[in-house]
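The next block holds one structure in the form of structure tokens; read it before the comments.
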Amino acid sequence: MLVVAALGGNALLKRGEPLTAEAQRANVARAAEALAGVVRAGHRLVVTHGNGPQVGLLALQGASYKPDEAYPLDVLGAETEGMIGYMIEQALENALDHDRPVATLLTQVVVDRNDPAFGKPTKFVGPVYDRDEAEARARAAGWAIAVDGARWRRVVASPRPVDIPDLRVLNLLLNAGVIVVCVGGGGIPVIRRDDGSLIGIEAVIDKDAASALLARQLGADALLLLTDVDAVYRDFGTENAARIADLTPAEADALGAPAGSMGPKLAAGRDFALTGGFTGIGRLEDALAILDGRAGTRITSAPAR
Numbered sequence: 001m002l003v004v005a006a007l008g009g010n011a012l013l014k015r016g017e018p019l020t021a022e023a024q025r026a027n028v029a030r031a032a033e034a035l036a037g038v039v040r041a042g043h044r045l046v047v048t049h050g051n052g053p054q055v056g057l058l059a060l061q062g063a064s065y066k067p068d069e070a071y072p073l074d075v076l077g078a079e080t081e082g083m084i085g086y087m088i089e090q091a092l093e094n095a096l097d098h099d100r101p102v103a104t105l106l107t108q109v110v111v112d113r114n115d116p117a118f119g120k121p122t123k124f125v126g127p128v129y130d131r132d133e134a135e136a137r138a139r140a141a142g143w144a145i146a147v148d149g150a151r152w153r154r155v156v157a158s159p160r161p162v163d164i165p166d167l168r169v170l171n172l173l174l175n176a177g178v179i180v181v182c183v184g185g186g187g188i189p190v191i192r193r194d195d196g197s198l199i200g201i202e203a204v205i206d207k208d209a210a211s212a213l214l215a216r217q218l219g220a221d222a223l224l225l226l227t228d229v230d231a232v233y234r235d236f237g238t239e240n241a242a243r244i245a246d247l248t249p250a251e252a253d254a255l256g257a258p259a260g261s262m263g264p265k266l267a268a269g270r271d272f273a274l275t276g277g278f279t280g281i282g283r284l285e286d287a288l289a290i291l292d293g294r295a296g297t298r299i300t301s302a303p304a305r
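Residues in the sequence shown are numbered consecutively from 1, following UniProt numbering.
Here it is in structure tokens:
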């Protein structure tokens, strides 16, 4: 099978860990071992990943410059794609004993310049703060902020991905047997101008939505949305919580999961499942078991009961 595996933030940095190269390398090495199992089982693999903490850190570093010298989010997104892609690429090569080619592709993803998301920032980036510090930083830098659990974070626009213009390059690499790391952090957000040319825009695209679009455009067989939760649960967080093994797209919608937790994954999984493939949601270390139907939650148009 051709598998698109989207690594959640926990694959790179667990909540509360310092945003250091050492911490990220250790987490990426564990992720690579799980993904290597998918490749050893005979599947072709494309890897995507998040970048929220990393792009937020670069934005904070940029704040030390003059306002007109700070780099925009599309450029920072490209920087994090290269940084994180390098770590994943190297860890996968090591986990596979260097017998498979692995390459990272900085990937542009087109969004609609008139997307209403630009008027309503929702995507978390950067570290967490207490409310007073978050409000002070927002006033100084012109941020929008929102609650993330018990703390506060910066939020930016998260428009819907509509096209991946680098798809031809991706297909060339896949046809040559390369394991590709791409669409990092949802991809580099760009818009099409009236003359058809592309230009970057200040935004961060949801990684799961971009991964679902990538899986559809590649004609993948499976989309894995890998996180730190072993499956989707009904009544999650209550004493009545129950793991759900199979869902239809309509059932995934009906769960009404919140946007701050499983909601984006269910929406992305539904969108891909409607095209005929299947989506698996679960823990990173269970990647191969999710593909085999032995773990996680599977979303298909007609799931087995």
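Beta carbons: idealized from backbone N, C-alpha and C, even for Gly.
Between S301 and the set L288, R294, F272, the nearest pair of CA atoms involves F272. Inclusion of V180 and T275 in the CB contact set at 9 angstroms is not warranted, their separation being larger than that value. Taking C-beta atoms under 8 angstroms as the contact rule, R283 and L247 fail to qualify, at a distance of about 17 angstroms. Straight-line spacing of the CA atoms in G149 and D194 works out to 41 angstroms. In this structure, V46 sits near A5, with a CB-CB distance shorter than 9 angstroms.
Assignment of T300 by DSSP, reduced to helix, strand and coil, places it in the coil class. For G282, the enclosing beta strand (DSSP E) begins and ends at 278-283. Under the three-state reduction of DSSP output, P101 falls in the coil class, being neither helix nor strand. V178 sits in coil when the DSSP states are folded into three classes, being neither helix nor strand.
Going by DSSP, A273 is part of the alpha helix (DSSP H) stretching over 263-273.
Excluding the 5 residues flanking it on each side, A91 has same chain C-beta neighbours closer than 6 angstroms at V28, A29, A32, in chain order. Counting C-beta pairs closer than 8 angstroms gives fewer than three between the segment 127-145 and the segment 197-208, which falls short of the contact rule. In this structure, L218 lies away from L172, with their beta-carbon atoms at least 9 angstroms apart.
The shortest CA-to-CA distance from K14 to any of V75, N51, M1, V111 is the one to N51.
Note that the segment 83-101 does not touch the segment 150-169; fewer than 3 beta-carbon pairs, one per stretch, sit closer than 8 angstroms.
Comparing C-alpha distances from R137 to each of R154, V147, A95 shows the shortest one belongs to R154. Here L266 is buried: its Cβ has 16 or more other Cβ atoms, across all protein chains shown, within 10 Å. Remark: C-beta atoms of L224 and G280 approach each other more closely than 9 angstroms. Within the DSSP secondary-structure output, F124 pairs in a beta bridge with V155. DSSP, reduced to helix, strand and coil, places T48 within a strand of the structure shown.
Distance check between G37 and each of R25, R270, D97, T80 places D97 closest, using alpha-carbon atoms only. In this structure, G184 is the residue among E133, L2, Q108, G184 with its C-alpha nearest to the C-alpha of P53.
The segment 187-201 and the segment 68-87 touch, with no fewer than 3 CB-CB distances between them shorter than 8 angstroms.
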